[in-house]
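Read in order, the letters of the sequence shown correspond to residues 2 to 361 in full-length UniProt numbering. All residues carry an ideal CB built from backbone N, CA and C; glycine is no exception. Reviewing the structure listed below.
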Amino acid sequence: TQVYNFSSGPAMLPADVLRRAQNELCDWQGLGTSVMEISHRSKEFIQVAEEAEKDFRDLLQIPSNYKVLFCHGGGRGQFAGVPLNILGDKTTADYVDGGYWASSAVKEAHKYCNPNVIDAKVTVDGLRAIKPMSEWQVSENSAYLHFCPNETIDGIAIHEAPDFGDTVVVADYSSSILSHPMDVSRFGVIYAGAQKNIGPAGLTLVIVREDLLGKAHKACPSILDYTVLNDNDSMFNTPPTFAWYLSGLVFKWLKEQGGVETMDKINRAKAELLYGVIDKSDFYRNDVASANRSRMNVPFQLADSALDKLFLEESFAAGLHALKGHRVVGGMRASIYNAMPLEGVKALTNFMVDFERRHG
Ligand code: PLP
2 TQVYNFSSGP AMLPADVLRR AQNELCDWQG LGTSVMEISH RSKEFIQVAE
52 EAEKDFRDLL QIPSNYKVLF CHGGGRGQFA GVPLNILGDK TTADYVDGGY
102 WASSAVKEAH KYCNPNVIDA KVTVDGLRAI KPMSEWQVSE NSAYLHFCPN
152 ETIDGIAIHE APDFGDTVVV ADYSSSILSH PMDVSRFGVI YAGAQKNIGP
202 AGLTLVIVRE DLLGKAHKAC PSILDYTVLN DNDSMFNTPP TFAWYLSGLV
252 FKWLKEQGGV ETMDKINRAK AELLYGVIDK SDFYRNDVAS ANRSRMNVPF
302 QLADSALDKL FLEESFAAGL HALKGHRVVG GMRASIYNAM PLEGVKALTN
352 FMVDFERRHG
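Rendered as structure tokens:
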């Protein structure tokens with residue numbers, strides 16, 4: 002059976018990329034050794050690193066006054082990295098709370114400042130939604146405004162592009178980076194754990210506007226200090242070289258597909274198909290307002306939760322893996338990142354329609 006993996010992580014890679022990596026795993030570029038075994042300071046690896054950065058910059062059209070850092074520490078590392086680098090002499094920052102990950106960032110920020118929390122969660126006609134950006138009250142003395150555009154667990158997304166004048170906007174793009182075109186110049190810092198749309202866990206991408214460098218708190222660990230990382234070309238300590246290499250292959254694959262514009266079209270088509278099947282029936286339900294529905298993570302419930310177990314067993318047997326919802330939400334969740342082809346979502350919706358026919 003063809004297997005489609007709807008897991009939310011920790012590494013969703015296009016099948017073509019995995020096959021290529023498999024082919025060159027033991028003998029990379031005829032060196033008779035694996036890319037993960039060569040020095041990160043060798044000219045061969047420096048070329049991998051530089052090409053990955055260039056391709057990433059091309060894909061998101063990152064302006065030249067932004068630095069790209071390849072870091073350790075994941076999204077949670079940046080929950081600390083952001084305040085430690087960007088607060089400067091300020092003592093507060095605005096944090097928009099739209100879901101699980103945004104509120105986790107607030108918890109970490111409390112160690113370093115007094116976050117001003119903007120609760121953006123609202124219920125509209127019984128559906129979960131996010132207040133529009135025009136209603137976010139930015140405080141005067143805040144160092145930056147932090148938000149999470151795609152809540153991986155809640156299945157909630159903020160599709161608006163920020164427009165807050167001189168305010169430094171910081172965004173956690175861990176689960177939606179590279180899934181659509183974006184205007185990087187609207188942000189001060191963008192960060193993303195690699196493990197959804199980029200590559201395997203262990204690598205974190207940070208895009209930082211260069212005028213924000215040089216302000217790190219004196220207690221900021223060097224491995225989180227954007228200036229130290231930038232001055233050392235992200236090789237202050239040993240970088241996660243294999244994850245960097247694999248991410249580079251993903252960037253090349255994305256370019257071959259037609260870049261983020263093409264991914265956006267495919268991602269919209271996938272999401273439309275899946276939400277369409279959910280909305281058409283009373284058997285399945287998603288309770289997020291249409292304007293805030295995530296195109297990456299689609300949580301859904303069966304009207305009769307007694308059928309959950311059977312749904313998971315039968316879907317797994319049909320090659321549709323990892324559909325169990327996150328433990329804090331329950332029900333089902335289909336993560337449909339860039340690496341999930343439209344055929345995978347078609348297989349899922351065909352299964353859902355058939356399951357309803359047999360058990361509805
Ligand atoms: N932010 C978002 C949006 C996430 O989805 C996740 C993990 O799933 C994190 C942050 C935490 O990332 P990490 O586990 O790399 O620390």
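Contact between Pro300 and Gly156 holds, with the beta-carbon distance rounding to 4 Å and staying under 8 Å. Nearest to Lys44 by alpha-carbon distance, out of Phe57, Asp56, Gln30, is Gln30.
In this structure, Cys114 is the residue among Gly100, Cys114, Asp17 with its C-alpha nearest to the C-alpha of Asp90.
Listed in chain order, the beta strand (DSSP E) elements of length 3 or more contained wholly in the stretch 184 to 235 are 190 to 194, 205 to 210. Checking the 7 Å criterion, the Cβ of Cys27 is out of range of every heavy atom belonging to the ligand PLP. When DSSP states are grouped into helix, strand and coil, Asn151 belongs to the strand group. When Cβ pairs closer than 8 Å are counted between the two stretches, the stretch 184 to 193 is seen not to touch the stretch 229 to 248, the count staying below three. Membership of Pro300 in the beta strand (DSSP E) is indicated by the continuous run 298 to 303.
Note on geometry: alpha-carbon atoms of Gly215 and Leu230 lie some 11 Å from one another.
In this structure, Ser295 and Ala158 form a Cβ contact; the two beta carbons are roughly 4 Å apart against a cut-off of 8 Å. Under the DSSP assignment, Ala130 falls in the beta strand (DSSP E) whose first and last residues are 128 to 131. Within 10 angstroms of the beta-carbon of Val329 lie fewer than 16 other beta-carbons, which makes it exposed.
Short of 7 Å from the beta carbon of Gly260, and not among the five residues preceding or following it, lie these beta carbons of its own chain, in chain order: Leu60. In terms of Cα proximity to Val18, the closest of Cys149, Leu313, Trp254, Leu274 is Trp254.
Ser186 has its Cβ no nearer than 7 Å to any heavy atom of the ligand PLP.
Asn117 is bridged by DSSP to Asp95. Non-local beta-carbon contacts of Ser176 in its own chain, meaning distances under 6 Å to residues more than five positions away in sequence, involve Asn151, Thr153, Lys197, Met297 in chain order. Nearest to Phe252 by C-alpha distance, out of Asn339, Ile224, Thr2, is Asn339. Distance from the CA of Thr228 to the CA of Asp167, rounded to the nearest whole angstrom, comes to 22 Å. Bounds of the alpha helix (DSSP H) holding Leu311 are 309 to 318. Bounds of the beta strand (DSSP E) holding Phe71 are 67 to 72. For Asp173, there is no enclosing alpha helix (DSSP H); the enclosing beta strand (DSSP E) covers residues 170 to 173. Our two residues, Phe352 and Ala307, have alpha carbons roughly 18 Å apart in a direct line. At least one heavy atom of the ligand PLP sits closer than 7 Å to the Cβ of Ser176.
DSSP lists Asp95, Val170 as the bridge partner or partners of Leu146. For Ala290, the closest C-alpha among the options Thr205, Gly100, Gly127 is that of Gly127. Within 10 angstroms of the beta-carbon of Thr124 lie fewer than 16 other beta-carbons, which makes it exposed. The C-beta of Asp173 has 16 or more other C-beta atoms within 10 Å across all chains shown, which makes the residue buried. Taking a contact to require three or more Cβ pairs closer than 8 Å, the stretch 279 to 293 and the stretch 201 to 219 do not qualify as touching.
In terms of side-chain proximity, the C-beta atom of Arg77 is found nearer than 7 Å to a non-hydrogen atom of the ligand PLP.
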